[in-house]
Every structure is written in structure tokens, then in C-alpha cells.
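A.B. asks: The structure is given below, and queries will be raised subsequently.
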Amino acid sequence: HSNLNPNYDFENYIEGDCNRLARSAGIAVAEKPGVTSFNPLMVYGGVGLGKTHLIQSIGNKIRRDDKKHFVLYVSSEKFTTQFTDAIKNNSIQSFTNFYLQVDTLIIDDVQFFSGKEKTQEMFFHIFNHLHQSGKQIIMSSDRPPRDLKGLQDRLLSRFKWGLTADLQMPDFETRIAIISRKMESDGIYIPDDVVEYLAYSVDTNVRELEGVLISLIAHATLNKAEINLELAKQTLKNIVHDIESEVGVDYIQKSVGEYFQISVEDLKDKTRKKEIVIARQVAMYLCKEYTNHSLKSIGYHFGGRDHSTVIHAVQSVSDMIEIDTKFCHSMDELKKKMRMKSV
Ligand code: ADP
Ligand code: MG
């Protein structure tokens, strides 16, 4: 079993300046796996820019051309879990044997190997073995190899043996092509001005662009309305509104204050009273977990404390969760409240 999603192929992977090198290298690899100098092929780019789609397209093409070729697609997280289980179950040998049979190994999101020394050692071993036997290795990462922190140098140096190619956000024309192609395959008609409006407005990543498109179609269907510019604007506004209603520092401070019956002022103040210190640490911990604020910014929102205070708070709360059942229960309740807000 290859774990490939058959819906990802080159046919529906729209080409643009944003992906030209990666896409054509991908096609070359798919035509001659293990033979080109693009071994390993490393594709990198931010979230939702098409890494998984591209590397799975390679796998699907290889399999379509040669049924006997053993392609395996696996995320680095799944690889890690399998490896950890193998250690627990004393089955490292069969884990290794399985991976050494693969003809093309596709590993998605290798940044998650960061800090996992034993897993990296295992992957290093498999990588070397496959590469020496002329097997193809394909990887994706959310950043270029040079910026991958927590990965061993010997592994990083191997990542650079083949070709490293990046994916960027598609430009306006390519975004139009992506929307049109998607509408065509779903058999849905959207007027040109709406397609242009969406392509113009959503410049973050392709997944988000698809998300807006899905919401728009859902709105139209539910309200039995036609898809027009007005509805598109309304849909986009609702989505932006959703983003604004996500969990923020204010919401966390208010919730934690209510929970511990402490004022928000006290949370931000210098008071060192034990109950207040704990509540403050809990609030900092939740900010770290549920917002995108940096440690520095979190400290700033708690009366101008520095980032090391926040690190200490996060650590203390993590420790208490482990050793104190009653505290752990309180944290579960607060976390539940955070999750309810973000849906
Ligand atoms: P990543 O793995 O980089 O987070 P994905 O491969 O999951 O991103 O892509 C997100 C979504 O955008 C998928 O539904 C994918 O099919 C679509 N997508 C991305 N790039 C393209 C493209 N060039 N042409 C068509 N669809 C694309
Ligand atoms: Mg992905």
C-alpha cells in the first residue's frame, strides 16, 4: 500500500512561475525515478503552497507507468510514530526491512524530524541504503534545508546532494488558472468577475483560496442564491470576521481571570501572590498554545515582562499538568473553552 491520494496528479497541478522548476524536476523524476541527478528531490515552501500535491503527483505517475515499482508516501510524523512503535514492540528489524524494499520513498514535511535524534539516525540509515541502491528519494519541507533547525548536519548535507526547489505563492494569472481548473472539474460555473475578485483578494496560499471558493459555493447552495460578486464579497467578509474572532490575548486574560476569580489588572500587574502568579502563568501558557504571538509579544501583554519569564511560565505550567491531577483538570477546562471559541 502506497498511501497515495489518487486525486493528486500533474494534470491538475497548474504550472506557473511560482513552481516551474519544482514541477518540471518532479516530472523528470517521475519519468526516470532513481536515474536523474535529482536524487534526492527536495521541495520546500510555506503551508498550503502545494508541496503534498506535487510530491504525491510524482508518486502517482510512477505507479501508473510501472505497477511493480514500490512507491511509498509517508509523512515524517507517521515515520516517527512507526519507528517509535517498532522500538516499543521490539520490531526494529521488520521496520527497517520494510523501508529497504521501497523503490521510491516520499517523505512529507521533514521539518518534523527536528529534535528527534533517534528517528533521524534511522532515517539517515535508510536514506543511505536506498540512495546507494539507486532508489529515488523525494522530500518536502516548509523551509530550505539551511534553515532547518534541529536536524543533524550529516542529514542536511545529504538533502543537498540532489535538487532543492522552492514553491512560491502563485501570481494573479496562475491563481485564476487554478480556480478555473477547479471549477471545471467540479462542474460549477463562476462568472469571470468573481474569479478575478477571488484571485485578487486571496494572496496567502492556495489552500486558503480553495477554502474561500468552497465557502462561496456552500453559501450559494444553502441560500439558493446565484454566485455573483456581491455574494463573493459577503463570503470573504465573513471569513475575515471569523479570523478576527479567534482566540486572542484579551480573551485568554479575561477567561483565566474569570476562572481564577482574579482581575485582568492583577494578571498584568507585578503582584507576586501565589494564586495570582499561577493564574498569570496559566494565561501565558494559553497564549503560547492558542495564539501566534511570540514569547516577546506575550511578555509585553503581561505588564512588559521579558520572554524568559514567559518561557519559565510555560515550563512551570507543563510541569504542574504532569504532577498535579486537580490542576490538570482545570487546564483541560480552560483549554476546552479556548477550543470552543476557535470553531
Ligand atoms: P502543502 O502540502 O504545501 O501545505 P498542499 O499540497 O496540501 O500544500 O496544497 C494545498 C491545496 O492547494 C491542495 O488542495 C492542492 O491541490 C492545491 N494546490 C496547490 N498548488 C496548486 C497548483 N499549482 N495547482 C492546483 N492546485 C494546487
Ligand atoms: Mg502538505
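Residue numbers in the sequence shown follow UniProt numbering, run continuously in steps of one, and reach 471 at the last position. All residues carry an ideal CB built from backbone N, CA and C; glycine is no exception. Quantities reported herein were computed from a predicted structural model and do not represent experimental measurements.
List the DSSP bridge partners of residue 232.
C.D. replies: Looking at the DSSP assignment, residue 232 forms a beta bridge with 199 and 264.
A.B. asks: Rounded C-beta distance between residue 244 and residue 208? I'm assuming under 8 Å.
C.D. replies: Contact holds; Cβ gap of about 6 Å.
A.B. asks: Does the Cβ of residue 278 have 16 or more other Cβ atoms within 10 Å, making it buried, or fewer, making it exposed?
C.D. replies: So residue 278 counts as exposed.
A.B. asks: Go through its chain and collect everything with a Cβ distance to residue 330's Cβ below 7 Å, but skip five positions before and after it.
C.D. replies: Closer than 7 Å at the Cβ level, and outside the excluded window around residue 330, lie 336, 337 and 340.
A.B. asks: Would you mind sorting residue 231 into buried or exposed? The rule is 16 or more other CB atoms within 10 Å of its CB.
C.D. replies: With 16 or more other Cβ atoms within 10 Å, it is buried.
A.B. asks: Of all residues in the structure, which have a C-beta closer than 7 Å to any heavy atom of ligand 2, taken in chain order?
C.D. replies: Every residue passing the under-7 Å Cβ criterion appears here: 179, 180, 236, 237 and 268.
A.B. asks: Three or more C-beta pairs under 8 Å: does that hold for the stretch 139-157 against the stretch 243-259?
C.D. replies: The answer is no - the stretch 243-259 does not touch the stretch 139-157, with fewer than three Cβ pairs under 8 Å.
A.B. asks: Going by DSSP, which residues form a beta bridge with residue 293?
C.D. replies: Note: residue 293 sits in a beta bridge opposite 171.
A.B. asks: Any heavy atom of ligand 1 inside 6 Å of the beta-carbon of residue 183?
C.D. replies: Outside the cutoff, so no.
A.B. asks: Roughly how many whole angstroms lie between the Cα atoms of residue 300 and residue 272?
C.D. replies: Taking the straight line joining both Cα atoms gives about 25 Å.
A.B. asks: From residue 382 to residue 464, what distance separates their C-alpha atoms?
C.D. replies: Going by the C-alpha atoms only, they are around 15 Å apart.
A.B. asks: Taking the straight line between their C-alpha atoms, what separation do you get for residue 186 and residue 283?
C.D. replies: Whole-angstrom Cα-Cα distance: 23 Å.
A.B. asks: Below 6 Å, is the gap between the Cβ of residue 141 and the nearest heavy atom of ligand 1?
C.D. replies: Yes, the beta carbon of residue 141 sits closer than 6 Å to at least one heavy atom of ligand 1.
A.B. asks: At a cut-off of 6 Å, would you count residue 339 as near ligand 1, judging by its Cβ distance to the nearest heavy atom?
C.D. replies: Residue 339: no, Cβ never under 6 Å from ligand 1.
A.B. asks: Can you find at least 3 beta carbon pairs, one from the stretch 155-168 and one from the stretch 286-301, that sit closer than 8 Å?
C.D. replies: Judged by Cβ distances under 8 Å, the stretch 155-168 makes contact with the stretch 286-301, as three or more pairs qualify.
A.B. asks: Along the alpha helix (DSSP H) that carries residue 388, what are the first and last residues, could you check?
C.D. replies: Element bounds for residue 388: 377-388.
A.B. asks: Grab the span of the alpha helix (DSSP H) containing residue 148 for me, first residue to last.
C.D. replies: 148-159 is the span of the alpha helix (DSSP H), which, as asked, contains residue 148.
A.B. asks: Between the Cα of residue 405 and those of 417, 433 and 375, spot the shortest distance and give me the residue it belongs to.
C.D. replies: Looking at the Cα atoms, 433 is the closest of the given residues.
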